[in-house]
Every structure is written in structure tokens, then in C-alpha cells.
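Here the structure comes first, spelled out in C-alpha cells, and everything after it is commentary.
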Amino acid sequence: MDYNWDFATIIQNWRVFWTGLQGTLLMFSVTVALGMSGGFIVGVMRYLKSPLIAWPARAFVEFFRNVPVLVQIVWFYYAFPILTGIETSPFLAAVLGISLNTMAFSAEIYRAGIQSIDAGQWEAGKAIGMSFQQTLRRIIMPVALKRVLPALTNRGIEVFKMSTLASVVAYVETLNQAKLIADLNYNPIESYTAVALIFFVVLFPVVQATYALERVLKRGDR
Amino acid sequence: MIELVRTENLHKRFGELEVLKGIDLSVSEGETVVLLGSSGSGKSTLLRCINFMETPSSGRVFIRGEAVGTERAGKLTYNQADLCQLRTKVGMVFQHFNLFPHMTVLQNVMEGQLTVLKRSRKEAGEKSLAQLDRVGLADKAGEYPSRLSGGQKQRVAIARALAMDPRVMLFDEVTSALDPELVGEVLKTMRQLALEGMTMICVTHELGFAYHVANRVLFLNDGAIHEEGNPQQVLRNPQTQRMREFLEGHSLFKLPD
Ligand SMILES: Nc1ncnc2c1ncn2[C@@H]1O[C@H](COP(=O)(O)OP(=O)(O)O)[C@@H](O)[C@H]1O
Ligand SMILES: [Mg+2]
Chain A
53 MDYNWDFATI IQNWRVFWTG LQGTLLMFSV TVALGMSGGF IVGVMRYLKS PLIAWPARAF
113 VEFFRNVPVL VQIVWFYYAF PILTGIETSP FLAAVLGISL NTMAFSAEIY RAGIQSIDAG
173 QWEAGKAIGM SFQQTLRRII MPVALKRVLP ALTNRGIEVF KMSTLASVVA YVETLNQAKL
233 IADLNYNPIE SYTAVALIFF VVLFPVVQAT YALERVLKRG DR
Chain B
1127 MIELVRTENL HKRFGELEVL KGIDLSVSEG ETVVLLGSSG SGKSTLLRCI NFMETPSSGR
1187 VFIRGEAVGT ERAGKLTYNQ ADLCQLRTKV GMVFQHFNLF PHMTVLQNVM EGQLTVLKRS
1247 RKEAGEKSLA QLDRVGLADK AGEYPSRLSG GQKQRVAIAR ALAMDPRVML FDEVTSALDP
1307 ELVGEVLKTM RQLALEGMTM ICVTHELGFA YHVANRVLFL NDGAIHEEGN PQQVLRNPQT
1367 QRMREFLEGH SLFKLPD
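Protein chains in written order, with our numbering: chain A, 53 to 274; chain B, 1127 to 1383.
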């Protein structure tokens, strides 16, 4: 194929992409923070023996793991306001959709981490008079978190990529901006290629860093 | 003599299985009691009911004369914070050490003092070093548990429990997971504790320890204390058939005296 690539227009419009990337970063920061902290709570609830706490947590996880994020975002944007009378901005709809999904997935990661810790550790904490919360915070979580760090960073990378789904409700992020430029300049090939490159350039070093991190953790495994 | 631990008609059921069928036990200050019994006879369960790692199904536990739990409308209830407090007074050491792998030896021993007793870092640090010295491991304070031998790990676990200033120590088969050549150092530490006047209840299969260190031996069978007495009598001249069989099983491969 002898397509004439023309990236000049893209470079001229770098500000538009930059605005998009900022939107992507904002969406990522908010959803990863909400999803992974909320997921921690749900994960601990999942772990607890009391069915009154564990069951709703389980239902939450199963529900939000099995509904596509795209469907959630659309639902929160179009259906939720009609049902409740509460307006949702594109930002809010996307934050809800991505965060809830991230909560569900990271909850399972945290739970697996907690479950991987030997029951003797709980016993040892309990035996010196530590409460459940103290044992969880001081004894169980430091080791569990270290074990699940690779899984959590992988999830974080997924969350970063999921931010593009927010473009479906025209939230200003990288893919949405590319569409804008493509429509204006009739250059979808360059525009969308640029999006792919931007994501690759941002994520590739991060992923390499996580490999290094995994190696360090493996070596430090006692 | 001060009675430190007492259980009255202690029962423990796991579903259909009744493991403890009314245990009346009294341990005085400074006493070393060894609990014998075949596997599955409920030795661990009895220990774990004394520091409430397990909640007894019925019956009462008294620590230093104080009844644990409050009775309301004929039902016993236990306050979690009270139980945590109680566990600082009743130390426990396990078969599998259960040291905290992400903490150094010193941090292991300091942990409960900081989080539960709210001691200052300085005080906890000094106390920890003193306890590590007591078990002969002061020089390992900066090591991580993974770098220690099994015997050293278990001695750190003992120091960790002692650092809470318990009135009673519970030992649950603390030498069973050790290589034979490491058993001695742990038993030595325990004997030294007994000599220093620590009140101890020990589940162990080390009959030599029971013979030489214990003030009293209890034989647990079918959820009840089947036979008890001073070790010289009970181990040499068991009165019951079950206890005789148990001891024979234990000494089957011993060299003759
Ligand atoms: N948490 C538990 N749930 C159900 N059964 C248990 C539990 N703990 C102990 N048991 C049962 O109680 C009996 C006594 O156990 P244990 O006290 O550990 O015996 P021992 O320490 O003398 O070997 C065993 O049959 C064991 O299977
Ligand atoms: Mg046992």
C-alpha cells in the first residue's frame, strides 16, 4: 500500500491531543484511586466470615465483573438520570463505570492476597492481643500487598486503557480528541495511529518498570 | 498459693463433635503443668479455650480469679477488647512459630508492645532486647526470621510472647516441628522459664521434659482429664489402662534404662 502519511496536521494540533491526554490522566487517576481503595474494602468484606457482610460483597463483585464497562458508562449517562432525576456528566458516568469495574476486579486481587497468607499469622497476631483490624493492618496486609503488587499494577494498566471507553459519552480524553481531529481534517489514519502511539509511549516504560519491580519482589521473597 | 488459671466444667463442641466434655482445671502461680494425650484428644482445643483463641461452648474460665465474659440472662457474652487484653496476660507459643516474615526479630518482639500495650518505641525496644537475651538470641535482633534455624525461630516466638509480660504461658507442641537436634535448645529455654517461676501449661510429647520439669501431668482422654498427678508417679505408675497404653506407645522404641 502506498498511503501518503501526513503527520503534519497532527503535530499542528498537538494541543488538542495534549488536552486529551490530560483528560486521560485525570480519568485514570480518579478511577484507579477510587477503584483500588474501594476494592480493598470490598475485598476485605469478601474475606470476612460473617455472611451478612460477605454476601453483599460477593454480589457486588459478581455483578460488576460481568457487566461490560462500556455498557455501564452508557447506562450511567443515559439511563441513570432518567431513573433518578440526577444528571450525570460524561466524566461522572465514566468514573462510575470504570471505578465500579475496577473495584470488583481489585477486590478479588486483594482477597486472593489475604487468603494466601498462612492462618498462623492471624493466630500469632491474635495471640499477642492484637485486634482483627490491627492484625490485618500490621501483619497480613504488608505481606499480602507485596504479593499482589504485580497483579495490581497489571490491573492499573488495564484501567489506564479503559479510560478510552469514556469517549463513548464524549468525555474529553485522548481517543475523543483524535476523533475530533479526524473528523475535522479527514485524517482518521494519522489521528488514530497517533492515539495508539501515545498510549504505547506512555505505557511501555510503565510496563517495563513493572517487570523490573516483579523481579525485585521475587528476589526479595523471603 | 495464687490460682492463676481455672476452668469450670469447660465444654467445647465443633458442630456435632464434642471435644471437651467438662474440664475442671486449676493451675497455681509458678506451676508447670504438662498436658498429655493422643492426637485429636483435644489438647490444643483446651489450651485455645484458655486464651480464647476458641470460644468455649459452655463452662467458665477464670484468670487470676476473674471470670472471663459476662453473664446476661443466662447467656455468656465476651467482649472482643476484653479478650485482646486477656491474651496479653496469657501468652501462647505455637508448633509452627508463626513469626512475622516482614519484620526483623526485634520488630517481631516489639510489635505487640507497640500496637497492643502502647509502649513507647524506646521502652519496647529495651524490653525486647532483654527478652531476646533471655532466650539467648540478642545477637539476632536485626535478622529476618527466614535467616534463623527452626530452634531459633521458636525461641524468638517465645520472646515475643514473653515481651507482653504474661502471667501464664501456653505452649502447644512447640518442639514438634523441629529437627531432632534443635529440640533441646527450645526445651532448655522452657525449663529455664519454669525455673524462673513462670506459670506454664505445656502440650508436649517430650516425656523427659514432663518428667523433669513439670509439677503436674494431666492426661487428656475422650474430652476429659483421665488421670493426673505428679510426673514421677503418673509416668512411672499410671493408674489407668488408657494412660498405660499411651505411655507404652510413646516408649516403645526407647532404649532400656
Ligand atoms: N476449628 C475446628 N473445627 C472443627 N473441628 C476441630 C477444630 N479444631 C479441632 N477440631 C477437632 O477437635 C478434635 C481435637 O483437636 P485438637 O484439640 O487439635 O487435638 P490435639 O491437639 O489433642 O491433637 C479433633 O478431632 C479435631 O479434628
Ligand atoms: Mg494439637
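For every residue, glycine included, the Cβ atom is placed at its ideal position computed from N, Cα and C.
Whole angstroms is fine: what's the gap from Y39 of chain A's alpha carbon to G172 of chain A's?
Given a span of 53 to 274 for chain A in the structure shown, any question on residue 39 of chain A remains unanswerable.
Do A145 of chain A and I125 of chain A have their C-beta atoms within less than 8 Å of each other?
A contact, by the Cβ cut-off of 8 Å.
L100 of chain A lies in the beta strand (DSSP E); which residues open and close that run?
L100 of chain A -> no beta strand (DSSP E), and no H or E assigned at all.
Within a Cβ cutoff of 7 Å, which residues of the same chain sit near S1164 of chain B, ignoring the five residues on either side of it in sequence?
F1372, listed in sequence order.
List the residues of chain A whose Cβ lies closer than 7 Å to the Cβ of Q1211 of chain B, in chain order.
Within chain A, the residues near Q1211 of chain B are G181.
Name, in chain order, the residues that DSSP records as bridge partners for E1134 of chain B.
The partner list for E1134 of chain B (beta bridge, DSSP) reads B:R1186.
Under 8 Å between the Cβ atoms of R1281 of chain B and L1304 of chain B?
Their beta carbons are not under 8 Å apart, which means R1281 of chain B does not touch L1304 of chain B by this criterion.
Which chain B residues sit within Cβ distance under 7 Å of I191 of chain A?
Going along chain B in sequence order, the residues near I191 of chain A (Cβ under 7 Å) are F1226.
Between which two residues does the beta strand (DSSP E) holding N1347 of chain B run?
Run containing N1347 of chain B: R1342 to N1347, per the beta strand (DSSP E) assignment.
Secondary structure at T1171 of chain B, three-state DSSP: helix, strand or coil?
Note: T1171 of chain B maps to helix in three-state DSSP.
Per DSSP, what are the beta-bridge partners of S1154 of chain B in this structure?
B:E1129.
Using only alpha-carbon positions, find the residue among A:D235, A:T216, A:I233 and A:E266 that is nearest to E227 of chain A.
Position check: residue 227 of chain A holds Leu in this sequence, whereas Glu was assumed. Of the candidates A:D235, A:T216, A:I233 and A:E266, the one whose C-alpha sits nearest the C-alpha of L227 of chain A is A:T216.
In chain A, which residues lie with their C-beta within 7 Å of the C-beta of V1242 of chain B?
Within 7 Å Cβ-Cβ: I180, G181 and M182.
Comparing the CB of D1298 of chain B with every heavy atom of ligand 2, is any distance shorter than 7 Å?
It does: the Cβ of D1298 of chain B is within 7 Å (strictly closer) of some heavy atom of ligand 2.
In terms of residue numbering, what span does the beta strand (DSSP E) encompassing T1196 of chain B cover?
Note, T1196 of chain B: beta strand (DSSP E), T1196 to R1198.
For the candidate residues B:V1153, B:L1146 and B:F1220, whose alpha-carbon lies nearest to that of D1348 of chain B?
Checked all of B:V1153, B:L1146 and B:F1220; the closest Cα to D1348 of chain B is B:L1146.
By DSSP, does V254 of chain A sit in helix, in strand, or in coil?
Helix at V254 of chain A.
By DSSP's criteria, L1243 of chain B is part of a beta bridge. Which residues make up the other side?
The partner list for L1243 of chain B (beta bridge, DSSP) is empty, contrary to what the question assumes.
Throw me the rounded Cβ distance for the I1122 of chain B and I1351 of chain B pair, which I believe falls under 8 Å.
Nothing in the structure corresponds to residue 1122 of chain B, since chain B is present only between 1127 and 1383.
Any heavy atom of ligand 1 closer than 7 Å to the beta-carbon of V1145 of chain B?
Flag set: Cβ of V1145 of chain B near ligand 1.
What whole-angstrom Cβ distance do S1302 of chain B and H1331 of chain B have, given they're in contact under 8 Å?
Correct: roughly 7 Å between the Cβ atoms.
Just grab the DSSP bridge partners of M1295 of chain B for me.
BP columns for M1295 of chain B point to B:G1217 and B:M1326.
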